[in-house]
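Taking the numbering used here, the leading residue of the sequence shown gets 166, the next gets one more, and so forth. Where a beta carbon is used, it is the ideal one built from N, C-alpha and C, also for glycine. The block underneath contains the structure these notes are about, expressed in structure tokens.
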Amino acid sequence: MRKIALITSGGDAPGMNACVRAVVKTAKSHNIEVIGIEDGYQGMIEGRGREMTYNDVNNIIQLGGTILGTARSEEFRTPEGRQKAIANLKKWQVDGLVVIGGDGSFAGAQTLSREIDLPIIGVPGTIDNDIFGTDHTIGYDTALNTVVSAVDKIRDTASSHHRIFFVEVMGRDAGFIALNSGIASGADDVLIPEEWTDIDALVNTIKESSKGRRSSIIIVSEGDDAGGAKEIMTKVKPFLDGYDLRCSILGHIQRGGSPSVLDRILATRMGYEAVNCLIRGESGYMIGAKGEEMVKISLERSIKEHAKPTPDKLEMMHRLKTR
Ligand code: ATP
Numbered sequence: 166m167r168k169i170a171l172i173t174s175g176g177d178a179p180g181m182n183a184c185v186r187a188v189v190k191t192a193k194s195h196n197i198e199v200i201g202i203e204d205g206y207q208g209m210i211e212g213r214g215r216e217m218t219y220n221d222v223n224n225i226i227q228l229g230g231t232i233l234g235t236a237r238s239e240e241f242r243t244p245e246g247r248q249k250a251i252a253n254l255k256k257w258q259v260d261g262l263v264v265i266g267g268d269g270s271f272a273g274a275q276t277l278s279r280e281i282d283l284p285i286i287g288v289p290g291t292i293d294n295d296i297f298g299t300d301h302t303i304g305y306d307t308a309l310n311t312v313v314s315a316v317d318k319i320r321d322t323a324s325s326h327h328r329i330f331f332v333e334v335m336g337r338d339a340g341f342i343a344l345n346s347g348i349a350s351g352a353d354d355v356l357i358p359e360e361w362t363d364i365d366a367l368v369n370t371i372k373e374s375s376k377g378r379r380s381s382i383i384i385v386s387e388g389d390d391a392g393g394a395k396e397i398m399t400k401v402k403p404f405l406d407g408y409d410l411r412c413s414i415l416g417h418i419q420r421g422g423s424p425s426v427l428d429r430i431l432a433t434r435m436g437y438e439a440v441n442c443l444i445r446g447e448s449g450y451m452i453g454a455k456g457e458e459m460v461k462i463s464l465e466r467s468i469k470e471h472a473k474p475t476p477d478k479l480e481m482m483h484r485l486k487t488r
């Protein structure tokens with residue numbers, strides 16, 4: 166192993182930079198060169214790669230986003246696009262590839278590995294935490310903290326004005342951010358894609374939780390089956406005459422910001438382990454963290470299976486929302 170390539174791909178997540186830093190520093194400590202590719206698979210297609218120096222990764226551990234840039238590349242989904250990417254990987258003479266991204270990025274890596282004989286290791290970087298084979302993904306903890314501090318602020322105004330707030334958080338297919346921010350902010354209900362939303366039950370919860378209280382907070386995952394926060398608010402409104410209902414969509418603030426301590430440590434350990442895997446000659450794996458252990462599972466499995474909130478956590482949330 167003399168040279169490896171590195172991309173960040175899919176949605177950006179806080180902690181990706183900490184991972185880039187760990188990959189570069191670990192590789193360099195073994196005299197392995199790193200080609201940092203800009204803007205994910207699109208940059209690979211366009212040949213936008215450069216050798217990473219220590220200077221490139223100094224002072225980046227605390228930065229949100231990704232210094233390499235990231236992209237969603239339609240061209241990489243085509244055989245012609247991937248052939249261009251393969252030509253560049255060959256031109257750079259790399260002996261391995263590290264892909265930091267979500268399950269879409271891993272699907273891209275899997276497809277690529279069928280067309281070029283190149284060891285590939287995936288590192289889960291996405292705020293959604295929806296990747297099978299790891300307790301947490303890079304960026305998730307920071308996003309949760311951002312959501313909880315926003316909900317705390319919303320609660321101040323909700324309490325001052327006797328309001329019911331529907332707060333929409335990210336999570337098209339997975340409710341991890343909604344469920345865990347709901348637990349941490351003491352929300353009155355949490356609506357997630359993994360559970361069917363019963364509008365009548367929600368109306369009852371709101372009526373019950375409002376008795377003798379100045380505010381109610383309902384966290385809504387953007388991918389909930391009953392709709393986003395605005396839609397759900399419209400659905401319950403006819404049954405809640407006299408209640409002051411408001412909605413807040415947190416949007417992209419959930420992606421940005423300096424990574425939390427937990428994300429910096431997770432990202433560093435995963436980046437370090439990714440390079441070690443390549444050095445050991447391993448390929449086709451995703452690095453995961455289970456408790457204090459670093460683990461690896463096949464990329465194939467991490468793509469096929471989906472992480473889901475555990476039933477006991479859901480049960481706990483349901484118990485706590487009743488008065
Ligand atoms: P996030 O969880 O933040 O959305 P992601 O990695 O899942 O991140 P995607 O947009 O799904 O984000 O995937 C990133 C890129 O991976 C795509 O833009 C595309 O270039 C590539 N990709 C995804 N699936 C495939 C596939 N089946 N074949 C080839 N390339 C793919």
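Residue nearest to A187 in terms of C-alpha spacing, selected from T399, D428, V312: Numbered from its first residue, the sequence shown carries residue 187 at position 22. Of the candidates T399, D428, V312, the residue whose Cα lies closest to the Cα of A187 is D428.
C-alpha distance - I329 paired with F404, whole-angstrom precision: On the sequence shown, position 164 is the one that residue 329 refers to. On the sequence shown, position 239 is the one that residue 404 refers to. The C-alpha of F404 is placed about 13 Å away from the C-alpha of I329.
Heavy atom of ligand 1 within 7 Å of R279 beta-carbon: Counting from 1 along the sequence shown, the entry for residue 279 is found at position 114. No; taking the cut-off as 7 Å, the Cβ of R279 has no heavy atom of ligand 1 nearer than that.
Inter-stretch contact (C-beta, 8 Å, three-pair minimum) for the segment 330 to 338 and the segment 247 to 260: Contact fails: fewer than three Cβ-Cβ distances are below 8 Å.
Test item, CB below 6 Å from any non-hydrogen atom of ligand 1: In chain order, the qualifying residues are S174, G175, G176, Y206, R237, S238, F241, R242, G266, G267, D268, G269, S270, A272, G273, T276, T291, D293.
CB contact flag (G421, G230, <8 Å): Translated into positions along the sequence shown, residue 421 becomes position 256. Translated into positions along the sequence shown, residue 230 becomes position 65. In contact: G421 and G230 (Cβ atoms closer than 8 Å).
Same chain, Cβ closer than 8 Å to V199, five either side skipped, listed in chain order: Here residue 199 is taken as the residue at index 34 of the sequence shown, counted from 1. The answer, listed in chain order, is K168, I169, A170, L171, V188, V189, A192, K193, E216, M217.
At least 3 beta-carbon pairs within less than 8 Å: the segment 264 to 272 vs the segment 385 to 404: Segment contact: the segment 264 to 272 against the segment 385 to 404, fewer than three CB-CB distances shorter than 8 Å; contact not assigned.
Own chain partners of T299 with C-beta closer than 6 Å, once the 5 adjacent residues on each side are dropped: Position 134 of the sequence shown, counted from the first residue, corresponds to residue 299. Same-chain partners within the cutoff: P289, G453, A454.
Supposed contact pair I303 and A439 - C-beta distance, whole angstroms, cut 8 Å: For the purposes of this step, residue 439 is taken as the residue at position 274 of the sequence shown. For the purposes of this step, residue 303 is taken as the residue at position 138 of the sequence shown. Not a contact, Cβ separation roughly 11 Å.
Cα-Cα separation, N369 to E245: Residue numbering aside, residue 369 sits at position 204 when the sequence shown is read from its first letter. Residue numbering aside, residue 245 sits at position 80 when the sequence shown is read from its first letter. Each residue's Cα considered, the two are about 55 Å apart.
Residue interval of the alpha helix (DSSP H) (run including P244): As a working mapping, residue 244 is identified with position 79 in the sequence shown. 244 to 257 is the extent of the alpha helix (DSSP H) around P244.
Run of the alpha helix (DSSP H) containing M181, from where it starts to where it stops: On the sequence shown, position 16 is the one that residue 181 refers to. Residues 181 to 194.
CB-CB length for I285 against S448, believed under 8 Å: Here the question's residue 285 lines up with position 120 in the sequence shown. Here the question's residue 448 lines up with position 283 in the sequence shown. Right, their Cβ atoms sit about 6 Å apart.
Cut-off 8 Å between Cβ atoms - residues of its own chain near I418, not counting five sequence neighbours on either side: Taking the sequence shown and counting its residues from 1, the one referred to as residue 418 is at position 253. Closer than 8 Å at the Cβ level, and outside the excluded window around I418, lie T311, A315.
G416 to A349 span [Cα, whole Å]: Here residue 416 refers to the residue found at position 251 when the sequence shown is read from its first residue. Here residue 349 refers to the residue found at position 184 when the sequence shown is read from its first residue. Taking the CA atoms as reference points, G416 sits about 19 Å from A349.
Coarse secondary structure for L431, derived from DSSP in three states: Counting from one through the sequence shown, the residue named residue 431 turns up at place 266. If DSSP states are grouped into helix, strand and coil, L431 belongs with the helices.
Candidates N223, T276, N294: closest to H471 by CA position: One-based indexing of the sequence shown puts residue 471 at position 306. Taking only the C-alpha atoms, the option nearest H471 is N294.
Per-residue burial, M398 [other beta carbons within 10 Å of its own, 16 or more giving buried]: Here residue 398 refers to the residue found at position 233 of the sequence shown. With 16 or more other Cβ atoms within 10 Å, it is buried.
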